[in-house]
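Numbering (the UniProt record's numbering), first residue to last: 1 to 219.
Where is the CB? At the ideal position from N, CA and C, for every residue including glycine.
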C-alpha cells in the first residue's frame with residue numbers, strides 16, 4: 001500500500017474526531033525523533049493563538065509529546081497531565097488557555113515502534129464544558145483508527161530531510177500561508193535573509209514559486 005501524505009491523514013482525522021466528539025478547536029501534528037511536535041494542521045484555531053503557544057507557552061504545556069509518552073497513555077486528559085508537572089508550570093499554561101477561552105484539552109496519540117508518531121489535540125471552551133468520561137471513552141475507541149491512519153502515513157520528515165533547520169521551519173510556515181514579512185517575524189531575521197532562504201529552497205527542490213515549493217514538499 002502506498003503511503004498517504006501527512007496532510008491528507010490530518011484532514012480526515014480532524015474531521016472525524018471533531019464530528020464525533022465536538023471541540024471548539026483542534027490540531028493535528030507530527031512528532032519527530034526528538035519528541036517535538038512539528039508540522040501542525042490547525043482546525044478553527046487562530047494563527048495568533050498558535051504563534052503565542054509556540055513562542056511563549058510550549059515549554060509549559062503538560063501535553064507535549066515527551067510528557068504524553070512518559071504517561072504511558074494514548075489518550076491524555078489535561079488534568080491528568082497537569083498533575084504530573086510542577087504547579088507553577090501548570091499555572092502558566094492554564095493562564096494561556098484562559099486567555100483564549102479554553103477550559104479543557106485532551107491529547108490523542110498514535111505510536112510507531114513505541115514512539116509517538118502523530119497526535120490530535122482537542123480543545124473546548126466554557127460553552128462546551130470539559131470532556132466527560134463518556135467522551136474520553138469515545139476518544140479511546142477512536143484512537144485505534146488514528147493509529148491505523150498514521151501507520152499508513154508518509155513521514156513528513158522524508159521530504160524535508162535534505163533541508164537545514166531554518167529551511168524546514170520556513171517550509172512548514174509557507175505551507176500555513178505565511179508571507180515573507182511573517183516569515184521574517186517568526187525567524188527574527190530581515191527580509192533579505194528570508195529571500196536568500198527561499199532562493200536556496202527553490203534550488204534544492206527544483207521549483208520556481210512558493211506554490212510549487214509547497215506542492216513538492218508536502219503533496
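Inset, instruction - Return helix, strand or coil for residue 135, following the three-state DSSP convention. - result: Working through the chain shown from its first residue, we reach residue 135 at position 135. Helix at residue 135.
Legend entry - Rounded straight-line distance, which links the Cα of residue 207 to that of residue 104: Looking up residue 104 in the chain shown gives position 104. Looking up residue 207 in the chain shown gives position 207. Their Cα atoms are separated by approximately 43 angstroms.
Inset, instruction - Apply the 10 Å Cβ neighbour rule to residue 148 and answer buried if 16 or more other Cβ atoms are within range, or exposed otherwise. - result: Here residue 148 refers to the residue found at position 148 when the chain shown is read from its first residue. Its Cβ having fewer than 16 others within 10 Å, residue 148 is exposed.
Inset, instruction - Classify residue 164 as helix, strand or coil using the three-state DSSP reduction. - result: Indexing the chain shown from 1 puts residue 164 at position 164. Here residue 164 sits in coil by DSSP.
Inset, instruction - Tell me residue 122's beta-bridge partners as DSSP assigns them. - result: Stepping through the chain shown from its first residue, residue 122 is reached at position 122. For residue 122, which the question treats as bridged, DSSP gives the partners 26, 106.
Legend entry - Anticipated Cβ contact below 8 angstroms, residue 35 with residue 85, distance rounded: As a position in the chain shown, residue 35 is number 35, starting the count at 1. As a position in the chain shown, residue 85 is number 85, starting the count at 1. The pair is not a contact, with the Cβ atoms about 15 angstroms apart (cut-off 8 angstroms).
Legend entry - Secondary structure of residue 115, DSSP reduced to three states: Position 115 of the chain shown, counting from 1, holds the residue named residue 115. Residue state, collapsed to three classes: strand.
Legend entry - residue 45 - DSSP class collapsed to helix/strand/coil: The count along the chain shown starts at 1 and reaches residue 45 at position 45. DSSP places residue 45 in coil when its eight states are reduced to three.
Inset, instruction - With DSSP as the reference, label residue 178 as helix, strand or coil. - result: One-based indexing of the chain shown puts residue 178 at position 178. In the structure shown, residue 178 sits in coil (DSSP, three-state: anything other than H, G, I, E or B).
Legend entry - Under 8 angstroms between C-beta atoms of residue 45 and residue 27: Locating residue 45 in the chain shown gives position 45, counting from the first residue. Locating residue 27 in the chain shown gives position 27, counting from the first residue. Going by C-beta atoms, residue 45 is nearer than 8 angstroms to residue 27.
Inset, instruction - Let me know the secondary structure DSSP gives residue 39 once reduced to three states. - result: The residue labelled residue 39 in the question sits at position 39 within the chain shown. Residue 39 falls in the strand class under three-state DSSP.
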